[in-house]
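To keep things clear, I will list the structure first and then write my remarks on it.
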Amino acid sequence: VYKNLVRRFGHAATDRQFAYLSEAEIQEMAEMDLVESTIVQAVEVCDAITYSEVSLMLKEMESTIVDAFAKASDEDKVTRQDMLDRVSAPLVKVSGAMPIVASDKDKAGETNIKTEVMRKHMTRVMAECMEKDESIVYLGEDVIHGGYYNVTENLAQKFPGRVLDFPPDETSLLGAAMGMSQVGLIPIVEIPYAKYLDCGVDMWNEICIMHWLSAGKQLNGMLLRLQGFDRGLFGGSFHTNNTLQHIPPGVDVCCYSNGEDYAKGFRHAIQQVKGGRVVMFVDCTNLLNLRHLYGKDRGWERRYPAESEMIGFDFVRRYGTEGTSAIVTYGNGVVTTLQARQDLVKLGLLVNEESLDIIECPCISDIPDGLREILNRYEMVLFADICKEGPGGNVLSPMICSLHQENLLPAKWQLVSAPRTYNPLGSMVTFLNKEDIVGAFKKMTAE
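In my numbering, the protein residues as written are 27 to 473.
Structure (structure tokens):
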């Protein structure tokens, strides 16, 4: 029955049968009724069914098809807004107030409070969330032993059976997470290096589009952690990737600079994942164990926030509140711009550090409302993107375009990014640095 099927390769509309079959063979197959032949074999050879049963099945199928077409023809036609509304699950409302703008001065006066590096707070908030909700599972490569950067240290011992190791196969890892999500679990998925998402990008796109495909009927929430991002000496481009190419519609992307805000944002992200949203956290390697901002000041350690504290996707943090100019950045860019601000004062390009505010935007998949609220007070704004310049990876460029459309950009602005090349092994010359920021600021002020 199945010898010489009508289709051999390609999509049905592009199956060029004349390229591999003769005209006589094509005509012979056109005259063969494959369904009829199958029914004959099922009834007369296999004795699997009767003709009466087949007839009843076909009538039921016909009725189902007619009803489906009638129902579809009566439905309202889709609109652009419909397509936008169903791209992701609605934001979950969380209890308690969440600030959308905070200042680093808000912590002034705090004394005798234990502080730690970002990695410690990341591990702690994951354990906190897993303790509260037994449906949360953690998936990744070597995560039982702490993962590539020791972020999952001791989690497997605290939560037996809920921290799961996978082989280095990102497609299978993401596919398993998708299945777990669809049966009611809350997966946190660790991709050991951001570049490795390329290996599972087809499955990642399936995850991201599922809410839209199912019109919201199939929840598919998960939190994806991309490690091995941006500045580092180890592994070259494959372990220090600083482009974000795989951000389909409907994905919330966050890149935090410090452990305190990471913990607050992580709690909020888990709430959104439970509601069906897909969230990506991009974790900069350089920040995981960073203690010092200037010299040996331990200026980048942070307190662990109280369990009631959260920040959402609209949050921004300001380092300085009195400036007439600002630099907008995220992740590693926060540390780099703060250090560059000190250099700008030394070079005489700033009167003092208070004249330039640094604005951290952890959410980089959309414009945070916090940025909308404060941006119009500045005379000049420099956008400092740790991703590479150019198409396919620069995340602040689309944000700038949207701000322009909303008439929120000042008259003077500039964008500076990492250069559009690959990252060599054992060198950090291709990452956004202080000199890049100083040069861009100098150019902006000179115009």
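Every residue, glycine too, gets a C-beta built ideally from N, C-alpha and C.
Check for me: the beta strand (DSSP E) holding residue i runs from which residue to which?
i    : result
W326 : From DSSP, W326 is part of no beta strand (DSSP E); its letter is neither H nor E.
R150 : Unbroken run through R150 is the alpha helix (DSSP H), M144 to K158; no beta strand (DSSP E).
I412 : M406 to K414
V163 : I162 to G166
A444 : K438 to A444
I384 : L382 to E386
D191 : V189 to D191
S129 : V127 to S129
Measure how close the beta-carbons of residue i and residue j come, nearest whole angstrom, since I'm counting them as under 8 Å.
i    : j    : result
L313 : M148 : Actually they are not in contact, since the Cβ atoms of L313 and M148 sit about 10 Å apart, beyond 8 Å.
P194 : E216 : P194 to E216, Cβ: 12 Å. No contact.
Q271 : G419 : 5 Å
E286 : S351 : With a Cβ gap of about 26 Å, E286 and S351 do not count as contacting.
V189 : V169 : 6 Å
G242 : A94  : With 8 Å as the limit, G242 and A94 do not qualify as a contact, their Cβ atoms being about 20 Å apart.
F409 : V360 : Not a contact, Cβ separation roughly 13 Å.
G346 : E379 : 7 Å
V118 : Q297 : 5 Å
L451 : G262 : 4 Å
Y282 : G276 : Y282 to G276, Cβ: 21 Å. No contact.
V71  : Y77  : Contact flag wrong, Cβ pair sits at about 13 Å.
W326 : N284 : 6 Å
R344 : W238 : At roughly 35 Å, the Cβ-Cβ gap does not stay under 8 Å, so R344 and W238 are not in contact.
Just to confirm, are residue i and residue j a CB contact at a threshold of 8 Å?
i    : j    : result
I463 : T362 : yes
C389 : N268 : no
V305 : A289 : no
T141 : R329 : yes
L422 : L441 : yes
L165 : E196 : no
I393 : S428 : yes
K300 : G247 : yes
P218 : Q253 : yes
F307 : R251 : yes
L249 : G226 : no
I212 : S129 : no
L319 : T471 : no
K460 : D369 : yes
I235 : P274 : yes
L316 : M454 : no
V175 : T311 : Note on identity: in this sequence residue 175 is Tyr, with Val being the wrong assignment. Yes.
A309 : G349 : Just to set this straight, residue 309 is Asp in the shown sequence, not Ala. No, the Cβ-Cβ distance between D309 and G349 is not below 8 Å.
V279 : S391 : yes
A220 : F192 : no
C155 : R293 : yes
Could you give the first and the last residue of the continuous alpha helix (DSSP H) run that contains residue i?
i    : result
F255 : No alpha helix (DSSP H) holds F255; the beta strand (DSSP E) holding it covers M248 to F255.
L181 : L181 to K184
I426 : L422 to Q431
V371 : N358 to K372
I400 : D395 to I400
E461 : K460 to A472
Just to check, is the beta-carbon of residue i closer than 7 Å to a non-hydrogen atom of the ligand ATP?
i    : result
C281 : Because no ligand of any kind appears in the structure shown, any question about the ligand ATP cannot be addressed here.
task: Please specify which runs of the alpha helix (DSSP H), each continuous and at least 4 residues long, are wholly inside the segment 279-353, giving them in chain order.
output: 285-300 and 311-314
task: Could I get the ranges of all uninterrupted alpha helix (DSSP H) runs contained in the segment 196-263, with 4 residues as the minimum, in chain order?
output: 196-208 and 227-239
- request: Could you tell me whether the segment 389-406 touches the segment 359-374, where touching means 3 or more Cβ pairs closer than 8 Å?
  value: no
query: Should the segment 224-241 be called in touch with the segment 176-184, which here means at least 3 C-beta pairs below 8 Å?
result: no
field: Stretch pair the segment 327-342 + the segment 116-129: three plus CB contacts closer than 8 Å
entry: yes
message: My parser needs the alpha helix (DSSP H) runs of 4 or more residues fully inside the segment 45-121; what are they?
response: 49-57, 60-66, 77-100 and 106-111
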